[in-house]
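Report on the structure given below.
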Amino acid sequence: MQDIRRSLRTLQNEFSKHAPIYHPLIHNLSLRLIVSHGNLLTVFIMCSPSFIVNVLLITATVLSQVTIASPRDTPSILSLDKTKPLATFDYSTADPAEENYIFLDDRFAKNKCPTFVSVFAPKASGSVKLDVSTCEPGNYVAVFQNKWLQTLAAVDVIIPQPPNRLSLDKTKPLATFDYSTLSPNDQNIIGIFSADGPGPNAGDPLASSRTPQASGSVTVDVSTLRPGNYKAYLITNEKKPLAGPVDVIIPQPPNRLSLDKTKPLATFDYSTLSPNDQNIIGIFSADGPGPNAGDPLASSRAPQASGSVTVDVSTLRPGNYKAYLITNEKKPLVGPVDVIIPQPNRLSLDKTKPLATFDYSTPSPYDQNIIGIFMVGGPGPIAGVVPLASSKAPQASGSVKVDVSTLRPGQYKAYFLNIAYERLAEPVDVFIPGTFSLDQTKPLATFDYSTPYPNDNNTIFIIQDIIQDDSAGIRPCSTGAYAPKAIGSVTVDVSICEPGNYQAYFMNKAYERLGKDIGMIIPPSTLSLDNTKPLATFDYSITGAKNRRFLGIYSAKGHRPDDGGICVASRLTEMPRGSITVDVSMLEPGDYEAYLVMINENGSYKTLAGPVDVTKTSPSTIRTIPQSVGTLSFDDTKPFATFDYSTINPDGQNWIGIYPAARSGTLLTTSFLSRANAPEASGSQRVKVDVLLGHGKYKAYFLNKLYEPLAEPVDVFIPGILSLDKTKPLATFDYATANPDSQNWIGIWRVSNPGVQFAGAPLIWTNATQDSGSVMLDVSNLAYDHYEAYFLNRDRKRLAGPVDVHVPTDSERSNDAIQRKITQLENGFTISDTDRPYTETDKYWEDRCPDAAAHFTYRIGKYQKKVINPSTIIAKRIEIKRTVDARDLTLAGDTREIITSISTAVTDARTQGWTIGAKLSGTLKPGDAGSLAFEVSASYKDESTHTTTRTTTVQRKGVCQPLQECTHETWTFRIYIKAKCTIHPMIASLGWMSNSGWHQDDPVDQCVSHYLDCQQLVDIVNTFCYSRGGHWYYMFDYNYGEECEVSAPIFESDGVTPYSARVFVSRPPGTSDTLTKRVELDLEYETGLNPEWVYQLMD
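Read in order, the letters of the sequence shown correspond to residues 5 to 1103 in the numbering used here.
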């Protein structure tokens, strides 16, 4: 131990000489382990509790005479096995451990390894290999350590320089070589020489590339070399070969001929395996035999193995031709290639086609060429003046229709222009004919029109001039009438429209305007008493009445109709305007009031016009009904509203009618609320009361065809209403009653049960305690059959009913569940108010006018943003993508369980240029009624995403009945929408560069920003926007638009997981699928269910 201490002191002195920078840090040396191995010594020195310096490879010659043993007096051994691959070591130790390892130490080496190189050595002895492939050549030390960082042994390792090497990498571009050398130099090169030449000793290489590194990869440019065999060498700048040769083959190019449409007309790129000075590219007639039967009409030599050639076709007429690459023996090497020699610059108006359809041609086609419409007498197409209407004309020749529907009738000029507004052809005169006007001298909404394009589908269309506000319940009213003639007059029925401001359009079936839009006002309904005609004769006009309406006479001291007043005389108004006389002969003298009334869908009244005072001054003789003429009675033993009747004057047109309770005397056909024929001399007849206005008092009359009473009237009291809501789950009833009670209830009986004998218990029942509401009865335990439902009070007195109830079979019920889910989806979607789906057209870039410099940079891009308008949805449907997860087929007498644990939902998120997304905003519990709410918004855009497949583990079991083909399926859904898209005129700015980088302005909606600095901007406003209230106030024209359609997959509320349903499907084997299918984006979608199949919803 004295020798060890003395050796450590000597080692400290030696370390101070070799590493003086660490000398001030050395204190409190703690010897962990010293292993003697030749003259190499590894010492671990603790300089402080938190800092350890690992000192390696200190040559301590002073210690060469000292033998330092391991703690067990048995030294560990580490040696380099030079008979095995590089960096293979043999080791042994008296202290084996799993954490023992060997690592390569490069801290004192000249060269480095980019990563820490190590390997575990857990045994008492063994052989391991270090991966030194990433290390630079040089001298290293391999160290054998345990987990306490105690060095057990060490040995020198030399990583040699790689040999000179050159190889051709055939996986990379032609003439790419991998190389390595022991003599790297900036002037080293890889040179390509002729295969049969002397090589680098007798000349310069035909092609070369520098190789300055010790190893690497380099590609030599051989594009100038002819096809053939060559040799490659790695050589020094003295042309001394370091490696090689390596065979290199430059292949022959294939025979190829193509038309380069980016270069002058008839310019061809070609290549051939048989180059010859006499080869030519020849042009032949498209319908001729080609080079085998004649000389070319035009040609040019193609002598090289590859190149580009322009054939002079100036002497050929416009038309179709074919080009071939041929030899001087007229043997085709490649071809034919279609060549079109276009017409010269030309523009003409095609009067045989729709208005403003032009034929054009040009030898200079470009995708920004346009045909533009300008005012006659204006400056025409000069900088800063945009056309009033335009359409792209990108081809060499073609036919284009310019939309001039927004232009007023008159004279215009059409120009064929390139992107610089240079004329490509002489302008063409365009006349836009047609008239459209509102005739104020005729009935309301009468229009005079004329058009040069009469068609049965031409329409005059009226829409309310409001901005839709769904939250306020405001929806525009729209109506129309056909205008098929060349000249004519038509009156549009606007009686269903509320009073207000409207816009009228004269359009063809493509929604192209045939005349200028007209603003009009629909006034409120009117009612006046015509004192020049018989008593109670009224002139009237109706607006804002979509349902049944009538003219009613009310007692002057009673309530208004919309306050529950009782009508004492009335007559339906079939026409939207006219003159009508109400029979008041049976009324007592006195003061009355007349109202024009509409019957709302819920049975309430809405006053359209009135009151108008009516005074009856003289009494009338009420005709008495002769005794024994007839009888009418209410039969309580039969279904509700069943009457027994008799008459001595039977007639096929006798009938029983139900009227308001206040009616008396002679009745008119236009006053009844419901009726049924009673043609026999006696009989029983039921009058349907589900169409009545609601619960309350009524009178029933037995009348002949002249509306004369055949019997005394019968009072009818309808205590309640009961109806089956078929949009909700099975056996869901809506009810209402004037006598709500906590013990009112709804019950279901078999059809054979007498309608009013409710002493027996119902099959099922539930309470209905409110004055109105909705309840659902659980009919799951009822067998397939027809039943009747009644609404009863606590005394089992009928309030309403019966209502027919059909309990379906199991298969019908299964299908009903999945159909209800589809219906819920169809009814449940809404278009976002704040983020509506949209698509955008390509931008048309042009120089902006100088006066608009404050708003835009020198270039602006005009485009249209087409947004779905929720108020104009034309069609919607849910489409289904079915994925089969498991399939089986059963034989006769074979019932089998089909079990699967996989559910694969397949959908496609591509939106074909649209920004749109659909995701659930709420879900329903099983058995709930209503809708599966989801919102369609501008939330997603991806035109490149491929089919999305999501597989989940869901255990499902279905029973397949005999002789059935059964499948477990996962369904995903998408919503298809067809609507009229509103068009937003957008302007994009090109942007500008500053010291801080590139700046880009946000796009501008001209109908919102209304920049009017110059005609270029004003024209956009005139085309797409319209003034409301002054020159500086512009609003978006919600009526201007075009039809659009789009589909979007429906996702869960996270917007990522496809909304799906798991369905078990049974069908007879071999039956074909009759569903309506549509293929989009390589996926097949279906609409609806096959009535012959059974669908079981497994969710």
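A virtual CB, placed ideally from N, CA and C, is assigned to each residue, including glycine.
Check	Outcome
Cβ contact check for the segment 80-90 and the segment 115-134: 3 or more pairs under 8 Å	yes
Given His988 as reference, the closest of Leu707, Ile1024, Phe977 once Cα atoms are compared	Ile1024
Boundaries of the beta strand (DSSP E) in which Asp1023 is found, first to last residue	No beta strand (DSSP E) holds Asp1023; the alpha helix (DSSP H) holding it covers 1019-1028.
Separation of Gln347 from Ala306, as counted between CA atoms	27 Å
Cβ pair Gly203, Pro255 closer than 8 Å	no
Where Cys1188 sits in the DSSP three-state scheme	Shown here, the chain extends from 5 to 1103; a query on residue 1188 therefore has no answer.
Nearest-angstrom Cα separation, counted from Ser310 out to Tyr274	5 Å
Selection from Pro841, Ser1057, Cys1029 that minimises the alpha carbon distance to Val1050	Pro841
Own chain residues within Cβ distance below 7 Å of Asn461, not counting five before or after	Asn512, Lys513
Spatially closest choice to Lys984 from Gln444, Gly656, Lys870, by CA coordinates	Lys870
At least three beta-carbon pairs within less than 8 Å, the segment 1091-1100 to the segment 1055-1072	yes
Where Leu353 falls: helix, strand or coil (DSSP)	strand
Rounded separation between Leu329 and Asp291 - CA only	18 Å
Residue environment, Val434, which counts as buried when at least 16 other CB atoms sit within 10 Å	buried
Same chain, Cβ closer than 7 Å to Pro654, five either side skipped, listed in chain order	Pro683, Glu684, Ala685
C-alpha gap between Ile56 and Leu153, whole angstroms	With a pLDDT of 36 at Ile56, under the threshold of 50, the modelled position of this residue cannot be trusted; read the value that follows with caution. Spanning the two alpha carbons is a distance of roughly 11 Å.
Exposed unless 16 or more other CB atoms sit within 10 angstroms - verdict on Asp587	buried
First through last residue of the beta strand (DSSP E) which encompasses Asp799	It is not in any beta strand (DSSP E) - Asp799 carries neither H nor E in the DSSP assignment.
Contact belief for Ile750 with Val779 at Cβ below 8 Å, rounded distance in angstroms	6 Å
Spatial neighbours of Ser122 in its chain, beta-carbon cut-off 8 Å, leaving aside the 5 residues before and after	Tyr105, Ile106, Phe107, Leu108, Leu134
Through-space distance from Ala490 to Asn457, alpha-carbon basis	Correcting the residue identity first, residue 457 is Tyr in this sequence and not Asn. Answer to the nearest angstrom: the Cα atoms are 7 Å apart.
Cβ-based burial, Ala247 [other Cβ within 10 Å; buried from 16]	buried
Extent of the continuous beta strand (DSSP E) run through Phe977	969-993
Pairwise C-alpha distance: Gln1020 and Trp1036	Model confidence at Trp1036 stands at a pLDDT of 35, short of 50, so the residue's coordinates are unreliable; what they give is reported in the following sentence. One C-alpha to the other measures close to 17 Å.
Local Cβ density within 10 Å of His972, reported as buried at 16 or more and exposed below that	buried
Through-space distance from Phe272 to Asp264, alpha-carbon basis	6 Å
Segment limits, beta strand (DSSP E) that includes Gln868	863-893
Own chain, CB closer than 6 Å to Asp354, minus 5 neighbours either side, in chain order	Thr361, Asp363
Euclidean distance between Cα positions of Ser993 and Asp1005	6 Å
Span of the beta strand (DSSP E), counted from its first residue to its last, around Asn771	768-771
Contact set for Glu634: own chain, Cβ-Cβ below 8 Å, skip 5 residues either direction	Looking at the sequence provided, one finds Gly at residue 634 rather than Glu. Same-chain partners within the cutoff: Tyr649, Ser650, Thr651, Ile652, Asn653, Phe706, Leu714, Ala715.
Among Lys244, Ala772, Val755, Gly805, nearest to Tyr788 - alpha-carbon criterion	Val755
Sequence-distant residues of its chain with Cβ nearer than 6 Å to Ser395 (five each side left out)	Ile375, Val404, Val406
Nearest residue (CA-CA) to Tyr237, options Tyr425, Pro258, Asp182, Thr266	Asp182
Residue from Arg321, Asn259, Leu277 with nearest C-alpha to Cys287	The amino acid occupying residue 287 in the given sequence is Ile; Cys does not appear at that position. Among Arg321, Asn259, Leu277, the Cα nearest to that of Ile287 is on Arg321.
Exposed unless 16 or more other CB atoms sit within 10 angstroms - verdict on Asn743	exposed
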